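What follows is a short report on a single structure.
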Amino acid sequence: MAGILILLGPPGAGKGTQAQRAAEARGWVHLSTGDLLREEVARGTELGQAAAAYMERGELVPDDLMVSMVAARLEGLEEDQILLLDGFPRTLAQAQALQERAPGGSIRLALYFTAPDSVLVDRLLQRGRADDTREVIERRLQVYREETRPLADWYRSRGILREIQADRSIESIQEEVLATIDSEFSKRP
Ligand code: AMP
Numbered sequence: 000m001a002g003i004l005i006l007l008g009p010p011g012a013g014k015g016t017q018a019q020r021a022a023e024a025r026g027w028v029h030l031s032t033g034d035l036l037r038e039e040v041a042r043g044t045e046l047g048q049a050a051a052a053y054m055e056r057g058e059l060v061p062d063d064l065m066v067s068m069v070a071a072r073l074e075g076l077e078e079d080q081i082l083l084l085d086g087f088p089r090t091l092a093q094a095q096a097l098q099e100r101a102p103g104g105s106i107r108l109a110l111y112f113t114a115p116d117s118v119l120v121d122r123l124l125q126r127g128r129a130d131d132t133r134e135v136i137e138r139r140l141q142v143y144r145e146e147t148r149p150l151a152d153w154y155r156s157r158g159i160l161r162e163i164q165a166d167r168s169i170e171s172i173q174e175e176v177l178a179t180i181d182s183e184f185s186k187r188p
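Using numbering that gives the first Met the number 0, you'd call the opening residue of the sequence shown number 0 and step up by one each time.
Below, the structure written as structure tokens:
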């Protein structure tokens with residue numbers, strides 16, 4: 000059966016780095032909705048044009064656009080593939096849409112990355128992406144607290160939330176991420 004692992008957490012927590020490393024180490028599929036959107040923007044597609052204004056302001060791209068983008072990839076998921084969802088879901092509506100579309104029991108874990116705001120802001124400023132200005136970062140953190148952080152409780156109540164303290168070295172976080180996933184998979188193959 001296909002497995003879905005959700006990486007939840009604020010911007011700058013290192014979800015993308017960890018997802019990429021875990022995917023490389025284990026041959027899993029990494030799906031970053033932020034990366035997909037940036038590609039759409041770069042290619043100037045209709046979706047990219049619709050999304051750009053939200054992204055520049057640090058706002059969320061509307062749920063219907065996000066859900067159809069991810070749903071298309073879920074449909075292409077093969078039987079024994081493991082999908083690392085990085086940056087999705089970010090709202091309750093997205094989480095519910097994922098729940099409805101994911102094959103039964105395939106959502107295995109939500110890894111919840113946490114770090115103090117000061118660490119997040121410093122990391123994002125160093126990264127220097129177009130939406131990594133101080134003002135946009137503040138907005139993204141606010142949107143995260145309001146829209147996305149409540150998902151931690153949602154997944155906790157479903158018994159699949161595991162917290163990862165993300166203000167540590169990339170290597171030690173990676174070790175914990177892989178160990179957490181391995182222990183879950185050994186429980187319920
Ligand atoms: P990220 O690379 O995950 O930081 O995403 C960059 C930007 O893309 C975000 O600030 C949002 O504007 C947009 N975005 C990415 N994923 C989502 C999502 N699941 N829902 C809404 N907007 C998203």
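Glycine included, each C-beta is placed from N, C-alpha and C at the ideal position. The structure presented is a predicted model; accordingly, all values stated were derived computationally and were not measured.
Per DSSP, V189 is paired with what?
-> Past the boundaries of the shown model lies residue 189; the chain is included only from 0 to 188, so the question cannot be answered.
Enclosing beta strand (DSSP E) for T113 [first to last residue] | I106 to T113
Just confirm the distance between the C-beta atoms of I106 and I180, as a whole number of angstroms; I'd bet it's less than 8 angstroms.
-> Not a contact, Cβ separation roughly 13 angstroms.
Once you ignore the five residues that flank V69 on each side, which residues in its own chain have a CB closer than 6 angstroms to its CB?
-> F87
Taking the C-alpha atoms as reference points, what is the distance between R157 and E183?
-> 14 angstroms
At a cut-off of 7 angstroms, is D116 close to the ligand AMP when judged by its beta-carbon and the heavy atoms of the ligand?
-> no
Distance, V40 Cα to A51 Cα | 6 angstroms
Could you give the DSSP three-state label for Q47: helix, strand or coil?
-> First, the amino acid is wrong: residue 47 is Gly here, not Gln. The answer is helix: DSSP assigns G47 an H, G or I state.
For the ligand AMP, any of its heavy atoms closer than 7 angstroms to the Cβ of F87?
-> F87 Cβ: within cutoff of the ligand AMP.
Check whether the region 12 to 22 touches the region 161 to 172, taking contact to mean three or more Cβ pairs, one atom from each stretch, closer than 8 angstroms.
-> yes
Can you name the start and end residues of the beta strand (DSSP E) that R148 belongs to?
-> According to the DSSP assignment, R148 belongs to no beta strand (DSSP E), since it is labelled neither H nor E.
The alpha helix (DSSP H) enclosing R138, as first and last residue numbers | R133 to V142
Tell me, which residues are paired with L160 by DSSP?
-> A109
From the DSSP output, in three-state form, read off L119 for me.
-> helix
Provide the residue(s) that pair with G11 in DSSP beta bridges, ordered along the chain.
-> BP columns for G11 are empty, so no partner.
Would you mind working out which of I136, A129 and P102 sits nearest V118, comparing C-alpha positions?
-> I136
Looking only at its own chain, which residues have a Cβ that is under 7 angstroms from the Cβ of V142, when we skip the five neighbours before and after it?
-> G57, E58 and L59
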